[in-house]
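These notes concern the structure reproduced below.
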Amino acid sequence: MLCVKPYSMFCKIFIIPFYEMWELPDIFVQTLWEGLVGGTLYSLIALGFVLIFKASGVFNFAQGIMVVFAALSLVGLHAIGVPAILALALTVLIMLVLAFAIERVVLRPLVNQPDIILFMATFGLTYFLIGFGELIFGGDPKVMITKQLYIPTGTLSFDFAGGRVEMQKLDITAVVVASLMVAVLAVFFSKTRIGRALRAVADSHKAALSVGISLNQIWIIVWFAAGLVALVTGIMWGARSEVSFALEIIALKALPVLILGGFTSIPGAIVGGLIIGVGEKVGEIYWGPLFGRGIESWLAYMIALVFLLFRPQGLFGEKIIERV
Amino acid sequence: MRAPDETTIKAGQTLLSVEGVSLSFGGVKAIRNVSFDIRKGEIRAIIGPNGAGKTSMLNVINGFYHPQEGQITFKGIKRKKMRPHDAATGGIARTFQNVALFKSMTTLDNIMAGRTLRMHKSFFWQLLRYGPAEQEEIEHRRKVEEIIDFLEIQHIRRVPVGRLPYGLQKRVELGRALAMEPELLLLDEPMAGMNLEEKEDMCRYVIDVNNHYGTTIALIEHDMGVVMDLANRVVVLDYGQKIADGTPDEVKANKAVIDAYLGVAH
Amino acid sequence: MFYREAGQFKTTYRADMATFPITQDRIGIAIILMVAFTVIPYFGSNFFLHAIMIPFLIFALAAIGLNILTGYTGLLSLGTGGFMGVGAYACYKLATIFPEVHILIWVVTSGFVSAAVGIVFGLPSLRIKGFYLAVATLASQFFLSWCFIRIPWLVNYNVSNAIEVPRRTLFGVHVTGPEATPHARYFVVLAIVVAMTWLASNLVRGRIGRMWMAVRDMDIAAELMGIKLLNTKLLAFAVSSFYCGVAGAMLVFLYYGSAEATAFSINQSFAILSMVIIGGLGSLLGSFLGAALIFMLPLLLPPFLGSLGLSIQAATAEHLSFMVIGALIVFFLIVEPHGLARLWQIAKQKLRVWPYPY
Amino acid sequence: MRMKGLLVGAVLASTAVIPAFVSSASAQDTIYVPLFSYRTGPFAGSGIPIANGMSDYLNMLNERDGGINGVKLVVEECETGYNTEKGVACYESTKAKNPVITNPYSTGITLQLIPRASVDKIPVLSMAYGLSASAVGQSFPWVFNPPATYWDGLSMIIKYIADKEGGFAKLKGKTIGYIFFDGGYGREPLPLLEIFAKKYGFETKLYPVPPAEMQNQSGQWLNVRKDKPDWMIMWGWGAMNPTAVKEAARIKFPMDKFVGIWWSGGDDDARPAGDDAKGYLTLNFNGVGSQYPAVQDIIKHLVSKGKSQTQPDKVGENLYNRGIYNSVLIAEAIRNAQKITGKKVVTGEDVRRGLESLTITQARWKELGLEGFGAPITNVNCTDHNGHHAAYMQQWDGKKWVKITDWIAPLKDEVRPLLEAAAADYVAKNAGWPKRTESCDRPS
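Protein chains in written order, with our numbering: chain A, 1 to 324; chain D, 325 to 590; chain X, 591 to 948; chain B, 949 to 1392.
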């Protein structure tokens, strides 16, 4: 036999993980499910990035804090006595106001600036929203109003191959909502006038202007859409743990997803999210022990980096032909 | 400062030849089985309608594109494909159709950048600057100032080139290419978008470079008048294929060329 | 009126290529250096030296490092914190393995270790560009952070899991460790930062600086002129990481006095990046201005608000300073996207022609 | 015009700020107590209640008694954001005002200040956090970390587990999982855990949580499910705690076999999981609730008059009371210093002596209006700056924390040699570490 104690490195890398998967299929399926759910949530954050990048070429660093801000607004409004559904509606309104404000104060004066300047501006926006959010809502973590929003909680348990697989209703909801969100966005982009306009903007700002589309409106729309995505993300992440400013760091995980999927592709964001989500969970559970566990902090980035070396344009990007 | 395996080539001998070169991007064939040569000391023009594959041909010659078939012989060395760095060290310089200057650098720095291959003081001396590195810098500065004088761009020495008008940018780009002291200079539409006066200036510079430094020049140009005046020999491309090759007069009389330019249906 | 270069003719290329070709600039820099070496240490309180000037200078050096990579060579990096950490941990290891060598030598040479690490993580830069590269550098940041926590050898198996700074003297004066006065530390930091800034300015004005900028502005043209892209980019990574590494070592040995891995987290990377961009990409002066703005503002804002008679809680002041920094970043980007350094240039241009508008 | 405006603004700003850098005023008839706290940043959730408790108790002493023995306390919070950089700035800015104590509230900041304390003659109080080895008074005369170290905490937890399993002998063959914040704080107990594992024959499984992944722990808990440990021990902080509690509930880990250290026992740590968290255990060394007379005084003198930042319903929560405990130590140390020296206005050096002979007997707790709030502080002396005092186990009942055990004494015999060794190691590695020169006061 190849694998006898003490296990060789070869064995630990190539044999034992697969043996464990086969030996405990319920854990393996559970791992895949957790990866899928985590990936869906990464996808949601990545989706916010993609929407904005596609339409305005802005690498929106503030997406993470928008997630926190949206969730905080929702919980904060509820805390002062606004009924949950009304609070949700008001939060949507807040995201709209935010989109207006960002367009007017940040984007419009910076039109036609290089990408890195716009990136930096969203960096400033992040600082501002952190301070503003903490000033209004306080820095202490809040509990997401899961029940009040009629989000199902509890667990679905299945017997599987002699073990059990558990699915949180909350996670199932997250996957369903995320899928719906993507479907709605897909329809919006391909069927509606505004959606087509957005695609035109993505292709060329000048072309969009020449067919009479106002850039300013489009920016407001995409930032609002990204705000809505942020709200959904915030509700889901918040329900999984809590609503706090530490969530902002998790948003960085959307970046390897973007690398994998490409900065401009909505299906890319979804598929990339799933690959990263499942990849890092499977890696952590089965290969993590090699490194003393806890490798999730960098595994996603390494997966993305290795991937990039072979496909610099991402999963759904087109091969770049350079011209001079 | 030439590659050690270089064979000296006298005026009139073949400096560079391409044989049976084909290049395609995905399904699009940009160049099909093209062969021609460039002789030392001449001005060689490459002409043809839009999309004929002229710029792609230059990109193949200085190694930016790698052809699927054919070979390139430069100074007696046969290559399947040229690499940009080999081309540069071998003495091929070029300018670009859409001006590829270093936009935020000054005219002086742009042209000094053209001297990079000829500057050798190590990183350590560069750090200290005072001493050998400065000495070297001064030597090359002198050369660069000659070029600046030659192209009459003294007044824009300290201006970031991004702020210059198009005509001047083209001139700076020529200066940067000249700073490499190339043996073969590739010019991609050096007179595009210029007014008559600027064109005349540019023509003068091209001829001067050819006479004064003895530099071999291959240029792409649309203005037939200019080409006929400047070039010793002309190669004509159409749809990626060579349709004619010869002196300006021969080419002018060629039926295929006339058809191509007048747009006879294929 | 006072800032005129009329009448100052250069008769040699050497004079024309000097670091500060204009007399007034030379006087200005001399005054700044004099103030930095005499007035500030003489009048500044311990708080001013230790909590403001020392970290300001160290962060400015890190910003110069990142500026070489991002500003001069056009490679966006979010891994600065990691490279600073490599310098700090390398310095600690070297100083404990070879305690007989003076610690300041290790502070400066620890940069070589981080340069080597920088080269390794710079390798993908040949194939990856722009924001894609930025995300790739995040991989290095998170991986290095993880190494700092997970490899106990790096901290000599200290139970605290932190770097502990030994006591060392220079000419009989404590420069590291708790007995080192803010003044002693300040002079060491200032000397290193001034020297390294001078070296950086030599580099960026010569052949190597031109190669970097050529790659940044138009990599294709640079390649066709015989500049090897990979070598040039890797050199930028190496030099940049060297500077960041030295800054990281100074941060621990001359400022913090002890550090955990969290000192070199992703937030550090973001802070340095904002210094570079606010200060001005591709400007050494900008690195200092950016560091001043981003680092000092949160420290100055609460006492400033307090002096206006607004009595506010410490936490509220912190929230407000976040908001103000954010707003200022956006404001400066709108006023002058090329950073504070460009604002300074414009001001100089105005002075040159004053009192005429142009 | 705009430039001019900017310039004027800049000049105004600098004139307003400069005095802060050049002058250092110090009033002579008050005692300056800076409190480093963090109400911002990713750890604000735990930081806010502690900061509230700390300032409220000291301010209450000012309001109710006019300070300590008639000397008013100048209480000033300095915001660190749990950030070492800001910690340095806080230390330097408060140092100029002659503080009698430093209260860093972050292990990272504490580590920086340990070497400086003896040089600057300002004692450091790191209450049950910081460097465990600093409990050794011979090596660290200026640093105090009562009432217990992390190693004490771990030993109490192991003792509790052994108790539930029916004796230490029954630990053999058991599996104990340890989920921890992957940093100095969480890694510190590892050596002792290994020693215990060897000694009692149980197996350990480690689950590190990277700092950036505090709210993303499904991987760790899947591993827990795979490994099926009998008990779980947690060293968490900030957002890591509530996430872990939720995840534990999700995988249906028996909550009454999930034990946290005292920093994992905030009300906000258990509350988000609601009923699912029922049964979750943590150590604690301070009483919970607002029924104590001293806490009622805080409500009377501060909260109800709007002189506090605390929301009325948060008074008496666990971490709030933790802050009170911290301030009781400060106040009693000052009082003790006054008693030893006979001075009214004491200095940092006096307070160091006050801390070194600090005693809070059961009767004294009662006098303070905090009967049963903490275990008697009786063991702090010149050699032992920690005292290894007892803590108790508390359990979440779905709404609040309930005390379920009596005071559990740590396994001091196991812990003390480790501390001595760690302190010796620290001193050996930091060549030139000063020998103790401070004289020793007998406990009062």
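Even glycine gets a Cβ: it sits at the ideal position worked out from N, Cα and C. Owing to the predicted nature of the structure, the values given are computational and were not obtained by experimental measurement.
Would you mind reading off the limits of the alpha helix (DSSP H) that contains Cys11(A)?
As a working note, residue 11(A) is residue 11 in the first sequence. First-last for Cys11(A): undefined, no H or E at that position.
**OP:** May I ask you to report which of helix, strand or coil DSSP gives Thr192(A)?
**Re:** Position 192 of the first sequence holds residue 192(A). If DSSP states are grouped into helix, strand and coil, Thr192(A) belongs with coil.
Query - Straight-line Cα distance separating Leu441(D) from Ile817(X) - result: Indexing the third sequence from 1 puts residue 817(X) at position 227. Indexing the second sequence from 1 puts residue 441(D) at position 117. Ile817(X) and Leu441(D): Cα-Cα distance of roughly 7 Å.
Expressed to the nearest angstrom, what Euclidean distance is found between the alpha-carbon atoms of Leu930(X) and Ala726(X)?
-> The sequence position of residue 930(X) within the third sequence is 340, counting from 1. The sequence position of residue 726(X) within the third sequence is 136, counting from 1. Whole-angstrom Cα-Cα distance: 28 Å.
| request: For Arg403(D), name the three-state secondary structure that DSSP assigns. | output: The count along the second sequence starts at 1 and reaches residue 403(D) at position 79. It is a strand residue.
Note the first and the last residue of the continuous alpha helix (DSSP H) segment covering Asn1000(B). Counting from 1 along the fourth sequence, the entry for residue 1000(B) is found at position 52. Looking at the DSSP string, the run of the alpha helix (DSSP H) that includes Asn1000(B) is Ala992 to Asp1013.
Can you list the beta strand (DSSP E) stretches of 3 or more residues lying completely in the region 1125 to 1198 of chain B, in chain order? Runs of beta strand (DSSP E) with 3 or more residues, each lying fully within the region 1125 to 1198 of chain B, are found at 1151 to 1157 and 1179 to 1183, listed in chain order.
Requested in this report: Output, in chain order, the set of chain B residues within a Cβ distance shorter than 9 Å of Pro756(X).
Outcome: Here residue 756(X) refers to the residue found at position 166 of the third sequence. Residues of chain B with a Cβ closer than 9 Å to the Cβ of Pro756(X) are, in chain order, Lys1377, Asn1378, Ala1379 and Gly1380.
Q) Closest by CA to Thr1058(B), which one among Trp1090(B), Gly1085(B) and Val1048(B)? A) As a working mapping, residue 1058(B) is identified with position 110 in the fourth sequence. Shortest Cα-Cα distance from Thr1058(B) to any of Trp1090(B), Gly1085(B) and Val1048(B) involves Trp1090(B).
### Query
Looking only at DSSP bridge pairs, what is Met1341(B) linked to?
Locating residue 1341(B) in the fourth sequence gives position 393, where the first residue counts as 1. For Met1341(B), which the question treats as bridged, DSSP gives the partners Leu1231(B).
#### Entry: Touch test, the region 271 to 290 of chain A against the region 24 to 32 of chain A, Cβ-Cβ under 8 Å, three pairs minimum
Of all C-beta pairs linking the region 271 to 290 of chain A to the region 24 to 32 of chain A, three or more are shorter than 8 Å, placing the two stretches in contact.
**Message:** Could you check whether the region 38 to 49 of chain A touches the region 170 to 188 of chain A, counting it as contact only if at least three pairs of C-beta atoms, one from each stretch, sit closer than 8 Å?
**Reply:** Yes, they touch.
Which whole-angstrom value describes the C-beta separation of Ala1339(B) and Leu1303(B), a residue pair presumed to lie in contact below a C-beta threshold of 8 Å? Position 391 of the fourth sequence holds residue 1339(B). Position 355 of the fourth sequence holds residue 1303(B). Not quite, the Cβ-Cβ distance comes to about 20 Å (not below 8 Å), so this is no contact.
Please classify Asn535(D) as buried or exposed, where buried requires at least 16 neighbouring CB atoms within 10 angstroms. Position 211 of the second sequence, counted from the first residue, corresponds to residue 535(D). Here Asn535(D) is exposed. Its C-beta has fewer than 16 other C-beta atoms within 10 Å.
**Prompt:** Between which two residues does the beta strand (DSSP E) containing His764(X) stretch?
**Reply:** Along the third sequence, one-based indexing puts residue 764(X) at 174. Here the beta strand (DSSP E) through His764(X) covers Val763 to Thr766.
- Item | Status (buried if at least 16 other CB within 10 Å, exposed otherwise) for Gly277(D) | Absent from the model: residue 277(D). The displayed extent of chain D is 325 to 590, so no value can be given.
Lys1394(B) lies in the beta strand (DSSP E); which residues open and close that run?
The first residue shown for chain B is 949 and the last is 1392, placing residue 1394(B) beyond what the model contains.
ask   = For Ser1166(B), is the classification buried or exposed, using 16 other Cβ atoms within 10 angstroms of its Cβ as the cut-off for buried?
value = Translated into the one-based positions of the fourth sequence, residue 1166(B) becomes position 218. Flag for Ser1166(B) reads buried.
Q) In terms of residue numbering, what span does the beta strand (DSSP E) encompassing Leu340(D) cover? A) Sequence index remark: in the second sequence, residue 340(D) carries index 16 (1-based). Per DSSP, Leu340(D) belongs to the beta strand (DSSP E) from Thr338 to Phe349.
- Item | Rounded distance between the beta-carbons of Val1067(B) and Ala1371(B), thought under 8 Å | Here residue 1371(B) is taken as the residue at index 423 of the fourth sequence, counted from 1. Here residue 1067(B) is taken as the residue at index 119 of the fourth sequence, counted from 1. Not quite, the Cβ-Cβ distance comes to about 18 Å (not below 8 Å), so this is no contact.
Helix, strand or coil for Tyr1077(B) per DSSP? On the fourth sequence, residue 1077(B) is found 129 positions in, with the first residue counted as 1. Note: Tyr1077(B) maps to coil in three-state DSSP.
Who are the neighbours of Met9(A) on chain X, taking C-beta pairs under 7 Å?
Mapped onto the first sequence, residue 9(A) falls at position 9. Here the premise fails: no neighbours, minimum Cβ distance about 18 Å.
Q. Is it a yes or a no for the region 839 to 851 of chain X touching the region 707 to 725 of chain X, going by three-plus beta-carbon pairs under 8 Å?
A. The region 839 to 851 of chain X, when compared against the region 707 to 725 of chain X, does not touch it at the 8 Å Cβ threshold.
Cα-Cα separation, Ala958(B) to Asp1130(B):
Residue mapping note: residue 958(B) aligns to position 10 of the fourth sequence, counting from 1. Residue mapping note: residue 1130(B) aligns to position 182 of the fourth sequence, counting from 1. With a pLDDT of only 48 at Ala958(B), under the threshold of 50, the placement of this residue in the model should not be trusted, and no figure is reported.
Q) Out of curiosity, what's the CA-to-CA distance linking Tyr1077(B) and Tyr1098(B)? A) Taking the fourth sequence and counting its residues from 1, the one referred to as residue 1077(B) is at position 129. Taking the fourth sequence and counting its residues from 1, the one referred to as residue 1098(B) is at position 150. Using only the alpha carbons, I get a separation of about 7 Å.
Nearest by alpha-carbon distance to Gly261(A): which of Cys11(A), Glu34(A), Val50(A) and Tyr19(A) is it? Translated into the one-based positions of the first sequence, residue 261(A) becomes position 261. Out of Cys11(A), Glu34(A), Val50(A) and Tyr19(A), Val50(A) has the C-alpha closest to the C-alpha of Gly261(A).
Under the assumption that Trp1169(B) contacts Arg1198(B) (Cβ atoms under 8 Å), give the Cβ distance between them as a whole number of angstroms. The residue labelled residue 1169(B) in the question sits at position 221 within the fourth sequence. The residue labelled residue 1198(B) in the question sits at position 250 within the fourth sequence. Confirmed, Cβ separation roughly 7 Å.
Q) What are the boundary residues of the alpha helix (DSSP H) that Gly1103(B) is part of? A) Within the fourth sequence, residue 1103(B) is the residue found at index 155, counting from 1. The displayed chain sequence assigns Ser, not Gly, to residue 1103(B). Start and end: Tyr1098 to Glu1113.
Run of the beta strand (DSSP E) containing Met167(A), from where it starts to where it stops
Numbered from 1 along the first sequence, position 167 holds the residue referred to as residue 167(A). Its beta strand (DSSP E) spans residues Gly163 to Gln168.
ask   = What is the DSSP secondary structure of Lys1383(B), reduced to helix, strand or coil?
value = Working through the fourth sequence from its first residue, we reach residue 1383(B) at position 435. Coil.
Own chain residues within Cβ distance below 7 Å of Phe1144(B), not counting five before or after
On the fourth sequence, position 196 is the one that residue 1144(B) refers to. Around Phe1144(B): Ile1106.
Confirm, please, whether the CB-CB distance from Phe420(D) to Ala812(X) is below 9 Å. Along the third sequence, one-based indexing puts residue 812(X) at 222. Along the second sequence, one-based indexing puts residue 420(D) at 96. Going by C-beta atoms, Ala812(X) is not nearer than 9 Å to Phe420(D).
Checklist line | Minimum Cβ-Cβ distance from Glu134(A) to chain X less than 9 Å | finding: Stepping through the first sequence from its first residue, residue 134(A) is reached at position 134. So yes, Glu134(A) belongs to the interface.
Using a Cβ-Cβ cut-off of less than 8 Å, list which residues of the region 777 to 795 of chain X approach chain D; keep chain order. Leu789, Asn792, Leu793 and Arg795
For a contact meaning CB atoms closer than 8 Å, what does Met803(X) contact in chain A? In the third sequence, the residue the question calls residue 803(X) occupies position 213. By Cβ distance, chain A contributes nothing, its closest Cβ being about 15 Å from Met803(X), past 8 Å.
Open item on the list: Taking the alpha helix (DSSP H) that Arg1301(B) belongs to, which residues open and close that run?
Closed with: As a position in the fourth sequence, residue 1301(B) is number 353, starting the count at 1. Start and end: Gly1296 to Glu1304.
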